Every structure is written in structure tokens, then in C-alpha cells.
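J.: Here it is, the structure in full.
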Amino acid sequence: MSERRYDPKAIEPKWQEIWERERTWEVPNDPENADHREKSYVLEMLPYPSGEPHIGHLKNYALGDAIAHFHRRIGRRVLHPMGYDAFGLPAENNAIKTGVHPRTATDRSIASYRHWFHRWGISIDWSRELGTHEPSYYRWTQWIFLKLLERDLAYKKTAAVNWCPNDQTVLANEQVIDGHCERCGAAVEVRQLEQWFFRITDYADRLLDDLDEIRWPEHVKAMQRNWIGRSEGAEVAFRCEELGIDYPVFTTRPDTLFGATFFVMAPEHPDVFTLAAGTEYEDQVHEYVNRSLTESPESRGDTEKPKTGVPLGRTVTNPVTNEQIPMFVSDYVLMEYGTGAIMAVPAHDQRDFDFAKAFDLPIRPVVAPADRADDPEAIAAEQGAFTVHTENEVLINSGQFTNMNSVEGQSAIVEWLDREGRGHFSVSYKLRDWLVSRQRYWGCPIPVVYCDRCGMVPVREEDLPVELPDIEDYQPKGRSPLAAAEDWVNVRCSECGGHARRETDTMDTFVDSSWYYLRYCDAHNDRAAWDRQTLRSWMPVDQYIGGVEHAILHLMYSRFFVKALADMQLLDVQEPFRALFTQGMILGPDGNKMSSSKGNVIAPSDIIERFGADAARCYVLFIGPADQDAAWSDTGIEGVHRRLLGRLWRLADELSQNNDANAGADQPANPQGDALALVRKANWAIDKVTRDTATRFAFNTALSAIIELINEIYRYSDADPHARRFSAATAASLLFPFAPHLSAEAYEMLTGRRVWEEPWPDADPEMLTAETFELVCQVNGKVRDRVHAPTGAPKEELEKLCLETRGVQQHLDGLEIAKVIVVPDKLVNVVVR
RNA sequence: GCGGGCGUGGUGGAAUGGUAGACACGCCGGCUUUAGGUGCCGGUGGGCUUAGCUCGUGGGGGUUCGACUCCCUCCGCCCGCACCA
């Protein structure tokens, strides 16, 4: 007789075929909301198709799928689609190396990803599948670009931009990490180039404020707040009398204005040469500025290096003291923040202090702790008496503002400046406009042409898409490879019919992925990017799941898109992703990030081959809290394979052999003894798994509860088969979101029904409590005994039971009982002296 | 420097202010097996004078009848940002 055993290779394809054939996970659009079920849009970040999916993808989609399945079975109408972020540099770099068209390599990868998502049994509505590189998709990416252009939210300007010499393209600020290209790691250079930008800075305040409205992890919100970098302060004008020019500065500490003893400009400031012209420092300034501009952003940004700079040979007037203070140029002042010039307050700013020391400039304290305000000399004697902005500081050496606390002093000084016309309240941001043009081939063409006569002309909507032409040479040469496609570049102007040339830059791929979740809602619409009514029936995404690496880029850009499109009355939400879950990484068995160079890569295909998709999916969720990193363990997945899946399968196999007509799979009516204990355990598991899955995404503890239930069914091997069958069917039902194939198989064996068509089980409240419980008996907070007590017994009875126990008696010896705390149905604590 | 988070057995980790260590890995033992593996059952924080007692959640302090959990403080680690005025 051949041994019957759990065989995922037989089970998994069987169910995958059924789901495919019956299109089980497809969900129709319902713009009129005729279906009254609550909608739920569950979405994992779309993959970038490169090679084969890795273990991180498996975790991402196992997570999302568990949520999607759970939502379906609690009665929601679930949208769970899939697509591919298909434009981008890796495919293009591969094309340069191999000559294979990026589309060929990309489509091959997409086929692999699609294959594996099926093989993993992810419940996707495949009817909505899309790739951002398909003209039917990027036609609408171009349409959105034109909408932004119409609203002046897309614009072109010459600016100092980050240039990656290796990838031969510009990069967005967000794509520069420590002065290096986030993609290839080459040191980034600064170049003056004409580029396309999206005006995301217009949305800075709304992007900041609306973070309060969404359920996102605190650290992701913190990163976005940090990146937007809003600071409140004042803009103050410092006048250079010799040239008769006002130079505004931004400061967050206008209360320290009396301590501004010098003035510093960024090397990029357009006026530094004008200012230095004719002074003794003219040559030195030229030399210093040229050196600064050629220095790498990385070494310039080094906060450890000593302060350097050159005097400009001019002075400006401090508007409150009327003193003439000297002007300098120094590379610690950044052109891109504030006004590119600062007032320097060396007594209260470390950087200004360092500069003052290097150049022997006066350091004048103007803020002091309240208890030392009468001793300005002592404060002045202390080097670097830096302060923080609190209610406990007062202004000193500050004219009419002296003795005010620094908070009221700040507003008083700003009001005074305002009255005098020397300054005003102001807000500054770190956020810069989003640079979206790239000098590369494999991206969405920017839909504008440059007419010899009319200048820049947007492509007409009816002429979209501007299709990406095939080219011979993908090699970037400092301009887009598209520029060489002469047939494509040269066109007739849609305005005047004259000669025009196409824009040859393509868009940053983050533009493509900033709106894909909108397209899923109405994926086949060929008259519009989406129907507003249809969009309203699905948006926003109720649960978004992905890696934290997209905390700023993708998640900020998508929020900007939605707000801009909402302002154009094209959609009806203000935020794309109502809730966000950031999954932790799966590390190699050695605890390091997986990389082929370390040789610690676990390939999903091997794992699926050895243990099956269900085991792989359960293991990555069982390994630890899903938002935490965790190291892969081969023995760990074996445990899930054997102790969870194998044991459940054997139970189903054993119990389904029993054809006793009485042994149905529904909850037995009046269980007694072991059967009762088992039925209680099953209901406990229902309650536990439901709460862990619905509210906290604690899949690790949900799976633990299912394992406990299965262990219990084994332990009660002699219990009434009906109770065992019910418990096993319950385990299968609860396991379905995590291990859909085995669960479907086991559930069918036990009940003859399809588990995904069953509602999520409800715990029977009667079965969640027993008639007795174990009363914990404490003396002074220490457990001294335990005793069985009737559930719901009055406090007096519990107190009496506790005091009678031997363990408690032994610790009461000769002591006086001061107090007795009773927690009903739980414990009694006797406080003695 | 600023912001976010973390610190519990040999390991991954459990624990609405109420029995610390669920569940799993590993290890030990038993049964089944010709054997190995599989399977099933049991044990497994440290110490001690072991019916029990005692110590124990990074260190110190506090609140509380009771603290892994709340507050203060120090130490250590991880992540993000960073001459941002």
C-alpha cells in the first residue's frame, strides 16, 4: 500500500487550474454601486520586472493576498490587481550591453513574473493586468503630463541639476543618495541644464498636513515630513548700502537678530562676483567660487571639514542694530535652501560659530537661560553658549526687546521688522520641484514638440500616444538616444503645419508608477484614463503594501499626483493610499541582506520546488512580525511544512476516511468532555486569528494559533470524531488566507465544500468561555497558588477561594492582610504587611 | 546634530498594566522502524539545601496591590535625513 502523504505538487496545480478556469478572483466594475457589499482595494506595490521574482516579492504578495482573501471572506468586494513597472534603466542598460531590445527583455521578465504569481497562487484579478510600457497605458501617462502642463504644474527651466556621468542622465533630488546615483552608485555631478519639472512644491503644505489623515507607519510619515522640511521663521532684508541692494535671508530664529555679526552668501549666489568686483578680494572670490563649484557635492557636504570662505569686501546693515557687518562667501551656505544667503549668529549656531572662530569675528550672545539673564558678561565669556528655543530663555543685548522671553521676542521682532518694511513672517521648505525628464530611451516620451515658429507646442490629446520608436543605438551620449531617430523627431507643428522637432527626453519612471493604481480601476477604458464615477467606486486604496524603500519617492509622488488630479476635478479623493503597511526584508540565512556576491540568496523557485507555494507563503509570514526584517531559515520552513501543513493534511486525510453520517463538519450541538475542550479551542482559534488578521496584521501569531489548534486535535485523538472533524475544518478555513491550496484541499475533503465560497467563521461566544477558570492566587504580586474557580463568581467567593489555598496560606503566616485586589475571572492579589 | 524605532531563553519570537517565555527552530529522551529519515508522545530560562524556594525582559530610578508593558534617566543597537540657517 502506497503511503499517503501531503504532496503540494499534486494539490497546488489542481486548485490553481480551478481558479484560473473559473476566473474566481475577477471583480466587475460597479460604478453605480449596485452591489451593496463594502468595497476593499488591496494593493501591493507593482513589481519592476527584472529577471525572476525574488523572495521579497513572495513575502509582499503573500502578505497582500492574505489580506485580500480575508476581506473577501468577511464579505467585502475586493479589488486585487497586478501590473508591471516596465520602463526603466536596467532593461536599457542590458540593451546597450546585449543589443536586445529593452521591450524583448522586459516582456520576457513579465512572463516570468506572471508565471510565478500564478504558481504562488496569488488571488489576482488578471483581467486588469497592465504594463506601464504599453502604449495603451503610457498614452494616459502622456495625457496626465499634458494636464499638468495646462495647469502650469509641469514646466521647463534651466537649473543646476544632478547629473549621473555613468547613466548619462539627470536625476531627481530624491534619487541622489549621499552625493551618489541611487541606481548605479556613481558620484553625481552638478550641471546647468534645461529640464522638465513638476511643481510638487506647490503642494508642500497639503502633502504635510494630510499625513495626519492617513494610517501609515509613523516612521514613513516622519521621513516625508523630514523630506518636505517645513520651517517657520522670517525673511529679513540686509541692505548693502554701497550697491543699494537689499539681500533677504531666511532665518528660523529671528529672535537672535541682534547677534548677527556677519553675513554669508553661497558660492552659487548670482551676486557674489558683482559684490566682489573692484574690491581687494575680487581674485580670491573668483578662485574660491570656481573651486566650490567643481567640488563634488559629497566632499562639499562634509560637515567635519573646517569652515572655509573669502570676504566679499562689502558690508550690509543689520536692520535692528544698524551696524555694518562684513559679507563673506562660503560653501557652507547652500543656494538651494532659503535665499542662498544667511545672517550669521555665531553665539547661537554651531556652523556660524565655527566660521567666526576661523575668521576671528565677534561672537555676541543675545539669548540666555532666564536664571542668568542678568549676567551677560558671563554668558559672553562662554564659547559656544548655544541655546534651544524654549520658554525659559530670555533675550539679552537686544535693545528694546531685552528681557522678553525668546518666544515672544521672536514675534515682537518679526512684527517690528514688518512695520519697518525690513522683513516678514516666512516659511521655508527643503522640498524641491520634481525633475522628471531623463535623457534615456526606455521611458515614456514627453508629448511636446518644438516648432520653429510657434515654440513649444503640446501634442494634441487626439494624437496620443506619442509612441516610442524603435532605434538601433541605445548608447546615451549626453542627450537622449531618441534624438538620433530623425524620422521620429521631425514632425509637422499641429498649430501652424510648419517644421517642428519632438522633445527627445523621456519621463522618469516614477511618473509611470504615480498613477497605475488609478488605471487598475478602469483598466480597459480606451476613451479616457479612467471614468470618474468608476474611480470613485474603488478609490482610495484601502490597504497598500510594500517596502519601506519607497517611503519618499513613489509614495510622495503618488500623493502629489492625486492632489493635482483632484484639483482638476478628475477624481474625488485627496489621498491615494488610506493605509500603508511596510513589510520587513527577508535576510539571508547568515542574517545579511541577500546578494549574489555574498552567495546567500534564497531563490523562491527552489523553495517552491522543495516545499510548495503554501509552505513558502506561510513561512515568510510565520517567521516574525511582517513589518520586521527576518533571516531565512531552512529548518524553519521545514517546520511549517511538517508541523502545520503536513499535520493538517494528515488530519483531513484521516478524518475524511470516517464516513460516519453523524460526523459532519459543522460545530457539534452539545459537545462533552474532550469534544467540548476541542470545540472551545477551535472557537478560541477563530477569535484569535480573526483579531490578529483584521486589526494588527499579526500573521505570525495567527498562524501560531492555527498550529495550536492542530496540535490540540492530535492530542485529543480519542475525542468524538465529529468534534475533531469540525476542528480540522475550522483550522483549514482559518488557514486559507495563508495557504490557499492546502486549505481548499483539506476543507473539501472534510466538508465537500469550497472554502473560499464560505463566509469567514464567527466564533461562538458560548464557546469562548468555560464554566471554570484557573484563578491565579498572588501574595504581594507573586503567584503562590492556582485554583479552579467558577466563571463569573462574585469577588467575595474568589477572595475566599484564594485565601484557602495552601500556597497563599504559607505566605500569610503571621502577617496582616492590608488589602485584597480581585480581578474577576482572572486573579486575586492579597496585599500583606 | 535632527527625526523614527528597537533591546525578552541557545535561535526567531509570544504576552488589552494581571500566570514572562505562546508557537516554531535547535537540543534531550521515549515509542514506531532492519536502519536512516518520516511519523507520534514527552522534556527543555538560570541558580539552589528541588513537595519547594529564589533570581530573571539592557542599567538605574519612579508610578502601581501588581510593570516586558506607563513615566524619568543612562547605556547599546538599527533605520532615515543632514553644513536646510
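So in the working numbering, spot 513 of the first sequence is number 726, and the numbers just go up one at a time.
For every residue, glycine included, the Cβ atom is placed at its ideal position computed from N, Cα and C.
None of the values given here were measured: they were computed from a predicted structure.
1) Using the three-state DSSP reduction, which class does Asp459 fall into: helix, strand or coil?
2) Please report the Cβ distance between Glu628 and Ser619, rounded to the nearest whole angstrom; I am assuming they are in contact, meaning their Cβ atoms lie under 8 Å.
3) Which whole-angstrom value describes the C-beta separation of Val383 and Gln355, a residue pair presumed to lie in contact below a C-beta threshold of 8 Å?
4) Return helix, strand or coil for Lys222, following the three-state DSSP convention.
5) For the segment 705-756, which segments carrying the beta strand (DSSP E) assignment without a break, of at least 3 residues, lie completely within its bounds, in sequence order?
6) Is the distance from the Cβ of Phe568 to the Cβ of Lys518 below 8 Å?
7) Assign Pro1007 to buried or exposed, taking buried as 16 or more other Cβ atoms, counted over all protein chains shown, within 10 Å of its Cβ.
8) Nearest to Glu387 by alpha carbon, out of Ser726, Trp440, Val485 and Glu245?
9) Could you give the C-beta distance for Pro689 and Trp701, rounded to a whole number, given that I count them as a contact under 8 Å?
10) Are the beta-carbon atoms belonging to Glu549 and Arg645 less than 8 Å from one another?
11) Just mark Thr903 as buried or exposed, buried being the case when its beta carbon has 16 or more other beta carbons within 10 Å.
12) Along the chain, where does the beta strand (DSSP E) containing Arg527 start, and where does it finish?
13) From the DSSP output, in three-state form, read off Tyr663 for me.
14) Bridge partners of Phe790, per DSSP?
15) For Gly1005, which residues of its own chain have a beta-carbon under 6 Å away from its beta-carbon, when the five flanking residues on both sides are left out?
16) Kindly indicate which residue of Met556, Glu235 and Trp751 has the alpha-carbon position closest to the one of Gln460.
17) State buried or exposed for Ala479, treating a residue as buried only when at least 16 other CB atoms are found within 10 Å of its CB.
18) Using three-state DSSP, classify Gln596 as helix, strand or coil.
19) Could you tell me the distance, in whole angstroms, from the CA atom of Pro303 to the CA atom of Pro378?
20) Could you tell me the boundaries of the beta strand (DSSP E) in which Arg855 lies?
21) Could you check the C-alpha separation between Asp422 and Tyr254 for me, to the nearest Å?
22) Does Gln756 pass the burial test, meaning 16 or more other C-beta atoms within 10 Å, or should it be called exposed?
23) Between the segment 976-987 and the segment 948-961, do three or more beta carbon pairs fall short of 8 Å?
24) I'd like to know whether the C-beta atoms of Phe411 and Ala367 end up nearer to each other than 8 Å.
25) In the DSSP assignment, find the alpha helix (DSSP H) that holds Gly269 and state where it starts and stops.
26) Note down, one range per segment and in chain order, each beta strand (DSSP E) of at least 3 residues found wholly within the segment 603-647.
27) Residues in its own chain within less than 6 Å of Val918 by CB, not counting five upstream and five downstream?
28) Does the distance from the CB of Val449 to the CB of Pro559 come in under 8 Å?
29) Where does Gly472 sit, in a helix, a strand or coil, going by DSSP?
30) Measure the alpha-carbon distance for Phe541 versus Val389 and round it to whole angstroms.
31) In terms of alpha-carbon separation, which member of Thr848, Glu230 and Gly269 lies closest to Glu762?
32) State the Cα-Cα distance for the pair Pro1037 and His1001, rounded to the nearest angstrom.
33) To the nearest angstrom, report how far apart Asp391 and Val1044 are at their CA atoms.
34) Would you mind giving the Cβ-Cβ distance between Gly891 and Ala932, rounded to the nearest angstrom? I have them listed as a contact below 8 Å.
35) Hey, Gly442 and Arg577 are a contact pair by Cβ (cut 8 Å); roughly how many whole angstroms apart?
36) Cα-Cα, which of Gly301, His328, Ile357 and Ile231 is closest to Ala1048?
T.: Let me lay it out:
1) Here residue 459 is taken as the residue at index 246 of the first sequence, counted from 1. Assigned with DSSP and collapsed to three states, Asp459 falls in strand.
2) Here residue 628 refers to the residue found at position 415 of the first sequence. Here residue 619 refers to the residue found at position 406 of the first sequence. Actually they do not touch by this definition, with Cβ atoms about 15 Å apart.
3) Here the question's residue 383 lines up with position 170 in the first sequence. Here the question's residue 355 lines up with position 142 in the first sequence. Between Gln355 and Val383 the Cβ distance is about 20 Å, and since that is not below 8 Å, they are no contact.
4) Residue 222 sits at position 9 when you count from the first residue of the first sequence. Lys222: helix per DSSP, three-state reduction.
5) 712-715
6) In the first sequence, counting from the first residue as 1, residue 568 sits at position 355. In the first sequence, counting from the first residue as 1, residue 518 sits at position 305. The answer is no: Cβ separation not under 8 Å.
7) In the first sequence, counting from the first residue as 1, residue 1007 sits at position 794. Pro1007 should be labelled exposed.
8) Residue 387 sits at position 174 when you count from the first residue of the first sequence. Residue Trp440 is the option with its Cα nearest to Glu387.
9) Within the first sequence, residue 689 is the residue found at index 476, counting from 1. Within the first sequence, residue 701 is the residue found at index 488, counting from 1. Under the criterion of beta carbons closer than 8 Å, Pro689 and Trp701 do not qualify as touching, at roughly 17 Å.
10) Here residue 549 corresponds to residue number 336 of the first sequence, with the count starting at 1. Here residue 645 corresponds to residue number 432 of the first sequence, with the count starting at 1. It is a contact, given that the beta carbons lie within the stated cut-off.
11) In the first sequence, the residue the question calls residue 903 occupies position 690. With 16 or more other Cβ atoms within 10 Å, it is buried.
12) Position 314 of the first sequence holds residue 527. Arg527 -> beta strand (DSSP E) spans Val523 to Thr530.
13) Residue 663 sits at position 450 when you count from the first residue of the first sequence. DSSP places Tyr663 in strand when its eight states are reduced to three.
14) By one-based count along the first sequence, residue 790 stands at place 577. Its beta-bridge partners are Val754.
15) Here residue 1005 corresponds to residue number 792 of the first sequence, with the count starting at 1. Nothing meets the Cβ criterion.
16) The residue you call residue 460 lines up with position 247 of the first sequence. Reading off the sequence shown, one finds Tyr at residue 460, where the question assumed Gln. The candidate whose alpha carbon is nearest that of Tyr460 is Met556.
17) Working through the first sequence from its first residue, we reach residue 479 at position 266. Ala479 is buried by the Cβ-count criterion.
18) Here residue 596 is taken as the residue at index 383 of the first sequence, counted from 1. Any reading at Gln596 needs caution, since the residue's pLDDT is 48, under 50, leaving its predicted position unreliable; the model's value is listed next. The answer is coil: DSSP assigns Gln596 none of H, G, I, E or B.
19) By one-based count along the first sequence, residue 303 stands at place 90. By one-based count along the first sequence, residue 378 stands at place 165. Their backbone Cα atoms lie some 16 Å apart in a straight line.
20) Numbered from its first residue, the first sequence carries residue 855 at position 642. Careful: Arg855 lies outside any beta strand (DSSP E) and carries neither H nor E.
21) Within the first sequence, the letter at position 209 stands for residue 422. Within the first sequence, the letter at position 41 stands for residue 254. Each residue's Cα considered, the two are about 24 Å apart.
22) Reading the first sequence from its first residue, position 543 is the one you call residue 756. Classification for Gln756: buried.
23) no
24) As a position in the first sequence, residue 411 is number 198, starting the count at 1. As a position in the first sequence, residue 367 is number 154, starting the count at 1. Yes, the Cβ-Cβ distance between Phe411 and Ala367 is below 8 Å.
25) Translated into positions along the first sequence, residue 269 becomes position 56. Note, Gly269: alpha helix (DSSP H), Ile268 to Arg286.
26) For the segment 603-647, whole beta strand (DSSP E) runs of length 3 or above, ordered along the chain, are 606-608 and 636-641.
27) Walking along the first sequence from the start, residue 918 turns up at place 705. The sequence given here has Ala at residue 918, not Val. Same-chain partners within the cutoff: Ala898, Lys901 and Val902.
28) On the first sequence, residue 449 is found 236 positions in, with the first residue counted as 1. On the first sequence, residue 559 is found 346 positions in, with the first residue counted as 1. Not a contact, by the Cβ cut-off of 8 Å.
29) Translated into positions along the first sequence, residue 472 becomes position 259. Reduced to three states, the DSSP call for Gly472 is helix.
30) In the first sequence, the residue the question calls residue 541 occupies position 328. In the first sequence, the residue the question calls residue 389 occupies position 176. Spanning the two alpha carbons is a distance of roughly 29 Å.
31) In the first sequence, residue 762 corresponds to position 549, counting from 1. Selected option, being the one with the closest Cα: Gly269.
32) Taking the first sequence and counting its residues from 1, one reaches residue 1037 at position 824. Taking the first sequence and counting its residues from 1, one reaches residue 1001 at position 788. Whole-angstrom Cα-Cα distance: 13 Å.
33) Stepping through the first sequence from its first residue, residue 391 is reached at position 178. Stepping through the first sequence from its first residue, residue 1044 is reached at position 831. Between Asp391 and Val1044, the C-alpha separation is close to 60 Å.
34) Numbered from 1 along the first sequence, position 678 holds the residue referred to as residue 891. Numbered from 1 along the first sequence, position 719 holds the residue referred to as residue 932. Reading the sequence as shown, one finds Leu at residue 891 and not Gly. Yes, Leu891 and Ala932 are in contact; Cβ-Cβ is about 5 Å, under 8 Å.
35) Here residue 442 corresponds to residue number 229 of the first sequence, with the count starting at 1. Here residue 577 corresponds to residue number 364 of the first sequence, with the count starting at 1. That belief does not hold up - the Cβ atoms of Gly442 and Arg577 are roughly 29 Å apart, past 8 Å.
36) Examination of residue 1048 is not possible in this model, given that the chain is present from 214 through 1046 alone.
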